[in-house]
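In the numbering used here, the protein residues as written are -4 to 1090.
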């Protein structure tokens, strides 16, 4: 199914960049009066315009009234003749009276069928044509498909769903959420006995009005796998769409018919029916009294019925589940190795390998809440946890514990090497809630009652730790007697306090090593230790409820020893030698069948591993790389520990050639310093550095010395990018000792590079390790400017894979593209004060601005509207192309922040020195004007909403919520800005102050919930500094501002106050700002009042 999804996405990507299709496939016709009920059938069939959509009836009173009924004919059928019998076109002549407020559309399609891609092409044509009829409506859709036409509908809805989920082509995806039902008339869905699905579909094709060619029939027969993938994917994406499968009970004159088994498929949303007719007449009715027609009317009525209250709630249920879900929710678990053979079965046996009762097996039915699986790093804890979680025996024993209650089981596999969401409390809560509520959708309103009956997305952030925690505990407050929950949480030592990370200093993050042996060689820090204490408290708090069981795993660290001392426990490494010996024996038998003394060698490796499964796996890999003669000597030379300066990882690095070691160090450091795990493309570009090699510069001296500048000479293709990724992946394997893995995902933004194990990451981060093997190491600033260059170059080639800008339903950057922009600015922010080469740094950012503007314009010009829209090409597109890209950030809620140019975003990103250099290079009058423009951004964030990038990266921080660096004020005033020139400057400053000093404000709420109060304190301090700077440079403290407030009866009242009065009101309730308030009072005096401005 994953291959099916990837194929669909690749096709959508190609489709989104394709040229306008033939007009005949997109022309919309309206046939209300043009074809009479008794018109000539021959005339209709002979007209060449047999493709596309035709409206037979439009009884909708307004844009959202009624519904759309879309009919798709069989193979070789016709959009009128397929539904026509004895002078009656029943959709036009009968259906219009039974559904008077509906819009009835028939859609026509034809071959050619040179390959099964024809179904994909027809599906895209259907979506495009129907979407083109629905530009101003959100009414529900019911599809009716006859025979093979039903397969076209299935393909279309799969395409629309994938488009909506992955954002490839939003216009097409908009059809999917409005589809409430599909009726299949004689459409084959499943195999029949010995007949494959392809053979069944081939039989269905032979029942069409024209005999298919032998080539087409052979193609259909040989495409069973494709049709099965289509069926399975459609079943997945259509779970919220009601489906009716109708078959003909009579055979065709040739004896052919679709069997009962083939004409339907299993699903809670699927109903089956039969009509007493043959396949062709299944779609033809000549009167309202026809029994088949009456049945069909009932089905359409049921599909289009107004949802009952509990049914209407399903839309919000799905929206909440979608908000809880995140792309990497299963990534860590999928990367954990499956148990080798039966090596983990002992944990679920009444007796383990020592013939003692397994403590885990006993715990499953015991009243104790918490069970601790402990072990050394690499001892196989995660594999054991995965095995236990998925075992049916686990569920059987827990059912006994639940004593007839509603048992729910969930799992979380924490991953320190992944994104923010994979190692945080937010990620734990979202994952557990998603799993619980997916199993029990009726509990969604119990968990999140305040999010029903309001707009979506909500104005306040949804995925805050406070909101998620309340939801979790609301479940048990509501149904504590029936609900029983067991949660498996793997890798507590990989948990980190991410929501308060900015509370800590660099010293708090610095790793300290107590030695090289075991876990001590992996290092610790204040931040890590406090993270471990935090998750221990969370687990013990959750485990205080007798309706919850938690099986947790971690290393044997002192904090966990103390936290879980009173709970039953299993020490994995003390049970692993037998399992390791079995694993080694299996590997040796595969590589060297019949090897002498194998049993003793396996026991020796198992003993030397000290229960470390990862060590054993890496050791046997190294042993098998040599010959039989060197096997014993290789084994004897291997260190018995993983990490540290004398461990197995160190030996793997020392075995690399010297140049490869330097390359490995640089790659490791780039991955460690990346904002999120970097994509393969970004990393490949970053590894090359930001300066072009001398030979390239000599060949193209006019392009300058930056790699991004030299790239402009190259026309990038998808094949080029794939080659770069393949080369980089090989480089990771050969130069980095296979310590890095590449996650699966879309090429343009996925395929992120992560460490293969937490121990590998901790080893790579040790400076003392690299000091032993390398003398010259790149500086942090050199690494950051390389990452900056990598992101910019990635943005430049983004268009070759997928347009970075979406033009529908609103014009904005794709979140994946904006995340690259944001990461580039974060890297620039790290080095702005001290870049390795200031001139190149500024040129790199200038290139960034130019590159993204070019990508913006190119995407807009290549966009093809779904329907003829002369305004797009004549006015809308040129107007948008003249705008600056920085003002089109993708937003989850709210409008994109208004930014006139790149410098406005640079101010929000705190690039003080870059902005200073740009201002200095301007003529005096231009510099003064630009400084005046930027003053607004220096005293006030520009938007209230939240970026769509938050969904991609849990640690993403918007640029427009924080006060910029206070140094900007001096810079801008020195450049000629005057606070007296902007009459609304005080108003903007006041609104900003209210954001940070009013507890009812959404921005402050976000700062308090999603980050530490230190971020809020910094914003407050910067705001006070901005007010002080405004007053010192002549801003009028007596400027009057009209404020608005809500009265108890929901009416607005207005009050006029001076700026200093409003400032004093904000600060007087904050004792820590008493000194600052006194300083502001000292700066103010009697000055002429400026004109009042309204708020």
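C-beta atoms are modelled at their ideal positions from N, C-alpha and C, and glycine is treated no differently.
All values derive from a computational prediction rather than experimental measurement.
For the ligand NAD, is there a heavy atom less than 7 Å away from the beta-carbon of residue i?
i	result
residue 860	The ligand NAD is not part of the structure shown, which contains no ligands of any sort.
So, under 8 Å CB-CB, residue i and residue j are touching, yes? Tell me the CB distance rounded to an integer number of Å.
i	j	result
residue 243	residue 274	5 Å
residue 1023	residue 980	That belief does not hold up - the Cβ atoms of residue 1023 and residue 980 are roughly 14 Å apart, past 8 Å.
Give a yes or no on whether the C-beta atoms belonging to residue i and residue j are separated by under 8 Å.
i	j	result
residue 812	residue 799	yes
residue 438	residue 470	yes
residue 173	residue 233	no
residue 732	residue 647	yes
residue 966	residue 910	yes
residue 467	residue 428	yes
residue 104	residue 46	yes
residue 661	residue 682	yes
residue 783	residue 839	yes
residue 381	residue 328	yes
residue 987	residue 1018	yes
residue 702	residue 690	no
residue 460	residue 407	no
residue 527	residue 504	no
residue 96	residue 54	yes
residue 634	residue 626	no
residue 308	residue 156	no
residue 138	residue 239	no
residue 619	residue 580	no
State the DSSP-derived secondary structure class of residue i, mapped to helix, strand or coil.
i	result
residue 274	coil
residue 391	helix
residue 326	helix
residue 894	coil
residue 451	coil
residue 66	strand
residue 508	coil
residue 247	coil
residue 356	helix
residue 552	coil
residue 947	coil
residue 879	coil
residue 576	helix
residue 483	strand
residue 888	strand
residue 219	helix
residue 102	strand
residue 965	helix
residue 941	strand
Excluding the five sequence neighbours on either side, which residues of its own chain have a C-beta within less than 7 Å of the C-beta of residue i, listed in chain order?
i	result
residue 77	68, 69, 141, 278
residue 532	none
residue 400	477, 478, 479
residue 903	932, 954, 955, 959
If you drop the 5 nearest sequence neighbours on each side, which residues of the same chain put their C-beta closer than 6 Å to that of residue i?
i	result
residue 422	416
residue 736	749, 751
residue 194	216
residue 269	242, 244
residue 1025	974
residue 529	492
residue 593	583
residue 319	425, 428, 429
Bridge partners for residue i per DSSP, in chain order?
i	result
residue 141	180
residue 617	Per DSSP, none; premise fails for residue 617.
residue 711	BP columns for residue 711 are empty, so no partner.
For chain D, check one thing: does any of its Cβ atoms lie closer than 8 Å to the Cβ of residue i?
i	result
residue 408	No chain D appears in the structure shown, which is made up of a single protein chain.
Please work out which residues of its chain come closer than 8 Å, Cβ to Cβ, to residue i, disregarding the five sequence neighbours upstream and downstream, and give them in chain order.
i	result
residue 564	354, 366, 367, 368, 369
residue 13	Low confidence applies here, because residue 13 scores a pLDDT of 45, under 50, leaving its location unreliable and the question unanswered by this model.
residue 1100	Given a span of -4 to 1090 for the chain in the structure shown, any question on residue 1100 remains unanswerable.
residue 247	202, 273, 274, 275
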